[in-house]
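Residue numbers (the working numbering): 1 to 240. We put the beta carbon where it would ideally sit given N, CA and C, even for glycine. As the structure is a computational prediction, the values presented were derived from the model and not from experiment.
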Amino acid sequence: MNILLTGAARGMGLGICAQLAARGDTVYATCRKANDDINAIVARHPGRVRVIDGVDVAEEAAIDRMKAGVGDAPLDAVICNAAVNASFDTDGVLDLDLGISLHEYQTNALGAVRTVKAALPRLSPGGKIVFITTGPQALGKKAPAPGVYGYRMSKGAMHTFANLLTLELKPRGIAVQIVTPGSIDTKMLWAVWEAGRTPNPPKDALSIDEGAQRIIARMDALTLEQTGTWVSNLGVPEPY
Ligand SMILES: NC(=O)c1ccc[n+]([C@@H]2O[C@H](COP(=O)([O-])OP(=O)(O)OC[C@H]3O[C@@H](n4cnc5c(N)ncnc54)[C@H](OP(=O)(O)O)[C@@H]3O)[C@@H](O)[C@H]2O)c1
Numbered sequence: 001m002n003i004l005l006t007g008a009a010r011g012m013g014l015g016i017c018a019q020l021a022a023r024g025d026t027v028y029a030t031c032r033k034a035n036d037d038i039n040a041i042v043a044r045h046p047g048r049v050r051v052i053d054g055v056d057v058a059e060e061a062a063i064d065r066m067k068a069g070v071g072d073a074p075l076d077a078v079i080c081n082a083a084v085n086a087s088f089d090t091d092g093v094l095d096l097d098l099g100i101s102l103h104e105y106q107t108n109a110l111g112a113v114r115t116v117k118a119a120l121p122r123l124s125p126g127g128k129i130v131f132i133t134t135g136p137q138a139l140g141k142k143a144p145a146p147g148v149y150g151y152r153m154s155k156g157a158m159h160t161f162a163n164l165l166t167l168e169l170k171p172r173g174i175a176v177q178i179v180t181p182g183s184i185d186t187k188m189l190w191a192v193w194e195a196g197r198t199p200n201p202p203k204d205a206l207s208i209d210e211g212a213q214r215i216i217a218r219m220d221a222l223t224l225e226q227t228g229t230w231v232s233n234l235g236v237p238e239p240y
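If you want it as structure tokens, here you go:
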């Protein structure tokens with residue numbers, strides 16, 4: 001398969017990239033800045049990882065960079081993984097820095113839109129688009145605690161985009177799914193944990209390898225029959 005993946009140089013994205021390349025897929029691996037970790041995967045799997053460097057999904061230029069990096073290659077799947085959670089350390093709406101919230105929207109919601117804009121011309125019937133979200137409790141009325149406004153609202157906007165895209169792309173034979181990754185032992189979780197803003201300790205979280213494996217399994221299992229669904233990392237429909 002040919003897969004476009006965002007945020008591939010670090011965290012869960014790096015794990016997804018490594019596993020896809022190891023099994024023989026070709027990954028168009030976007031990142032803001034390539035590093036030793038992704039370069040090591042490139043070296044281990046010659047020709048299987050095409051790094052598209054300098055892709056900041058919060059910026060409009062990301063679309064052309066991704067398009068140029070993919071070139072004429074057909075894509076089988078897209079994984080919108082890149083995201084930022086910068087608003088976890090606020091006590092309430094009066095503390096909320098809307099500049100930070102705007103950046104979260106630019107990255108988490110519009111970044112996913114930009115990724116799809118770049119990829120869609122290269123997707124054919126049978127293609128798949130996977131959006132990585134956060135836990136349903138964080139977006140619903142039963143959030144464990146208030147706060148994290150910008151991150152949660154931007155993921156909510158991404159959901160609305162995914163729902164609209166489902167309607168648009170079903171007639172074209174392209175499937176869309178939203179996947180909750182669960183707690184994964186990455187920098188993002190550590191930052192929230194160290195600030196005392198999550199009850200989920202990193203020691204109980206899935207490893208990056210386990211999390212990546214489950215995301216890939218969801219992408220593999222996705223068919224047009226399930227388009228528009230929101231599922232857990234094990235494929236169970238999420239309550240919302
Ligand atoms: N870890 C968890 O427990 C958890 C829980 C719920 C949901 N998630 C979701 O899982 C996904 C992966 O998160 P993670 O845990 O791997 O987080 P992470 O370790 O913080 O990694 C975030 C990734 O997103 C990239 N990124 C951030 N801002 C970007 C931008 N403006 N343009 C391009 N790339 C950008 C980062 O690239 P740089 O290296 O350039 O910063 C990095 O590759 C995210 O969608 C996140 O919301 C994670």
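Between the CA atoms of L206 and V148 - distance to the nearest angstrom:
22 angstroms
Of the residues T186, P171, A191, K187, the one placed nearest E225, counting alpha carbons only: Of the residues T186, P171, A191, K187, the one whose Cα lies closest to the Cα of E225 is P171.
Next item on the list: Report yes if the C-beta distance between G7 and N108 is below 8 angstroms; otherwise report no.
Entry: No; because the gap between Cβ atoms is not below 8 angstroms, this pair is not in contact.
Residue span of the alpha helix (DSSP H) that contains K155, given as start and end:
149-169
Where do the ends of the alpha helix (DSSP H) carrying C80 lie?
Per DSSP, C80 belongs to no alpha helix (DSSP H); it is in the beta strand (DSSP E), 75-80.
Next item on the list: Can you tell me the Cβ-Cβ gap for A29 and V49, rounded? I've got them flagged as a contact below 8 angstroms.
Entry: Right, the Cβ-Cβ distance comes to about 5 angstroms (below 8 angstroms), so this counts as a contact.
| Is the distance from the Cβ of V51 to the Cβ of I38 below 8 angstroms? | Here V51 is near I38, since their CB atoms are less than 8 angstroms apart.
Can you tell me the Cα-Cα spacing of Q177 and I208, whole angstroms? 21 angstroms
### Message
Once the 5 residues before and after G228 are set aside, which same chain residues still bring their CB inside 7 angstroms of it?
### Response
Beyond the five residues adjoining it in sequence on each side, G228 comes within less than 7 angstroms, by CB distance, of N163, T166, V176 in the same chain, given in chain order.
Using only CA atoms, which one of G182, V192, D76 lies nearest to R214? G182
Between the C-alpha atoms of A73 and A9, what's the straight-line distance to the nearest angstrom?
21 angstroms
Q) Buried or exposed: which applies to E168, given that a residue is buried once 16 or more other Cβ atoms fall within 10 Å of its Cβ? A) exposed
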